Amino acid sequence: MKRSPITVPSESLTFPLRRAARQFPDKVAVISPEAEGKETTYRQLDERSSLLAASLADLGVEPGDRVAVWMKNGVEYILSFYGILKAGAVVVPISTHYGHREVSHQLNMTEAKGLLAQEGLIGSLGDGASALKTLRFVVSEGGGDPPQGAVSFSSLMRGSALLDRSVGMDPEQTLAVLPFSSGTTGLPKGVMLTHANLLSNLYQIIQAHEVSDSDLLINQLPFFHIYGMTVLMGAAIMAGATQVVASRFRPLEDFLNLFETFRPTLFFTVPLIIQEFCHHPRVPNMDWRRLRYINTGGAPLAPDLQERLTRITGVPVMQGYGLTESSPTTHVNPIRAIKVGTIGLPLASTEDRIVDPLTGEELPSPEVGELWIRGPQVMKGYYRDPEATARTLVGGWLRTGDLAMKDDEGYVTIVDRLKELIKTKGYQVAPAEIEHILVGHPDIQDAAVIGEPHPDFGEVPVAYVVPRLWAVISPEAVIGYAADGMAKYKRLARVVMVDAIPRSPSGKILRRVLKETLSPEITPRGRGLPAPGQGR
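The sequence shown stops at residue 882 when you use our numbering, and every number in between is there.
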């Protein structure tokens, strides 16, 4: 089974919004239940984002500048996203879970000229704001007075001039969004996604998921994440559909109330929410007849949960697959031909292959190898990191770092992964990022971080720490030290004190040895680990 190729116009990422505003000017594009049910039409989205673009230009934003967005889900996020694009700039999405250390790193690394942020988040930058090298302005979104030195979001919406510099640009070469990903290993990297990358993926998603202007979606996944940004926010606008924008799914009772109030036709989510639905007593008694399907991504979904939710609701549940580096979607199950436990088939105009990670040779089905992907949605490369780009993009193919197998019909199953990333709560955590923080402590000589299986979150970060000679430091102190300025989902679940970290002769941490040698119980210091250079 192969999907028909797509034809993508040579347009910018603002094209879907401009088109929807022409076709459905007075149709409700966004419903904001957390803002007393405020409704925004497609005409208003288009005009207000052009108004914001003009105001950003007045603040000095030039084509190619990077402007960051640090907000929770809401119509203001959507306006900011398209306003930055219309100003000709590049959107730098920042996680609302980030602490000051991570935000400062991302702003400095991208040389962001501006920051559009939620009122309550700006203060958390604290002293870190003084270390921002290129930031020229901060826009505060919220009901109160903006912090000192910032301008209010509402003040930027009071002008009359409209601007859209995105029309006529080269979509193949012009960056649209610069999200961050840990790639296959190492510290977070900026992923260069062009207008053509993202627009191509929207066309692919609309075709595979059969999204239309008659659909209504509840969008609870964060727009700062590539899944929420493209598959939810972007696809709804691409189709001219209506999206109900929520910034959270807890308490689950409130989230279920949204389902009963708005009765969505499509639902895109993550395995954690699938699991909670399966165990909530209210779910079996709800009316799910309007919902055509449930799609999950971001992390593997256990087959038994997939089948269980289908039994409970009567709604087909399917998995998809993607990476930040591919805008994100590359695979999804056909709606009427779902194979439980698989990520489905490649999207239109997308190729995949299973490759021996040692030899680079393509493997026949059903052998297990590394999943490689090629298509118009694959990134331009990592921002100012040609070495990482060369390792990840090989002859136009994206190396995913995931081990997979393909059946005789082309359906792909993810088996394991080559990369060292910890996948927790639908997010990716790079062990090297936490290790870098840990070894900065004066009492810590060495450290290694791995993912430990968790029944609800997939994995949680666990650190193995070698204290300096004569140092006295507790696991609790290490956890507290690492947590400062760090997103909650990255925080250590526990710390194990050891005499040595197993390393190869070249100094590489042997995480496999850690996972094989250490049991789930805390291993006392001095037991069970080989000395450096003695790993298997």
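Glycine included, each C-beta is placed from N, C-alpha and C at the ideal position.
Here the structure is a predicted model, which is why all the values come from computation and not from measurement.
Contact between GLU713 and ILE768 is ruled out by a C-beta separation of about 27 Å, above the 8 Å threshold. If you check the CB distance, VAL577 and VAL437 do not come in under 8 Å. Taking THR696 as reference, the option from GLU671, ARG682 and PRO722 with the minimal CA-CA separation is PRO722. Where GLU465 is concerned, there is no enclosing beta strand (DSSP E), although the alpha helix (DSSP H) around it starts and stops at 465-468.
Put simply, the backbone Cα of GLY586 is about 5 Å away from that of ALA366. Of GLU457, GLY383, ALA435 and VAL413, the smallest CA-CA separation from ARG730 is found for GLU457. Beta-bridge partners assigned by DSSP to GLN665: THR642. Residue environment for THR353: exposed (fewer than 16 other C-beta atoms within 10 angstroms of its C-beta). GLU716 is classed as buried because its beta carbon has at least 16 other beta carbons within 10 Å across all chains shown. In this structure, the CA atom of PHE608 is about 29 Å from the CA atom of ILE440. Beta-bridge partners of PRO813 (DSSP): ILE790. By the Cβ neighbour-count rule, PRO371 is exposed, with fewer than 16 other Cβ atoms within 10 Å of its own. Relative to the Cα of LEU397, the nearest Cα in the group ARG504, LYS479 and VAL415 belongs to ARG504. Apart from the 5 residues on each side of it in sequence, VAL701 sits with its Cβ closer than 6 Å to the Cβ of GLU708, GLY715, GLU716 and TRP718 in its chain, given in chain order. Taking the C-beta atoms as reference points, ILE796 is found nearer than 8 Å to VAL808.
Linking ILE468 to HIS626 through their CA atoms gives a straight-line distance of about 36 Å.
Going by beta carbons, HIS787 and VAL678 fall outside the 8 Å limit.
Residue environment for SER558: exposed (fewer than 16 other C-beta atoms within 10 angstroms of its C-beta).
In the pairwise beta carbon analysis, the stretch 661-673 is classified as touching the stretch 740-749: at least three pairs are separated by under 8 Å. Sequence-distant partners of TYR423 (beyond 5 residues in either direction) whose C-beta falls short of 7 Å from its own C-beta, in its chain, are VAL415, MET417 and PHE569. Shown here, ILE855 sits in a strand according to DSSP, grouped into three states. Counting the other CB atoms within 10 Å of its CB gives PRO517 a total of 16 or more, which places it among the buried residues. Rounded to the nearest angstrom, the gap between the Cα atoms of ASN454 and LYS479 is 6 Å. ILE552 sits in a helix when the DSSP states are folded into three classes. Between ARG720 and VAL844, the alpha-carbon positions lie close to 43 Å from each other.
Look at SER498 here: in three-state DSSP terms it is strand. Fully contained in the stretch 530-602 are the following beta strand (DSSP E) runs of length 3 or more, in chain order: 535-540, 562-565 and 588-591.
Annotation for THR520: THR540 and HIS541 place their beta carbon closer than 7 Å to its own, counting only its chain and skipping 5 residues before and after. In the three-state DSSP reduction, ALA750 falls in the strand class (E or B). Taking the Cα positions, LEU856 is about 10 Å away from GLU862. Spanning the alpha carbons of ASN631 and PHE623 requires a straight line of approximately 12 Å. Taking the Cα of TYR444 as reference, the smallest distance to any Cα among ALA463, THR588 and GLY434 is reached at ALA463. Going by DSSP, HIS446 is part of the alpha helix (DSSP H) stretching over 446-456. If you draw a straight line from the Cα of MET538 to the Cα of MET725, it comes to about 6 Å. DSSP places ALA381 within a helical segment (H, G or I) once states are collapsed to three. According to DSSP, GLY505 shares a beta bridge with no other residue.
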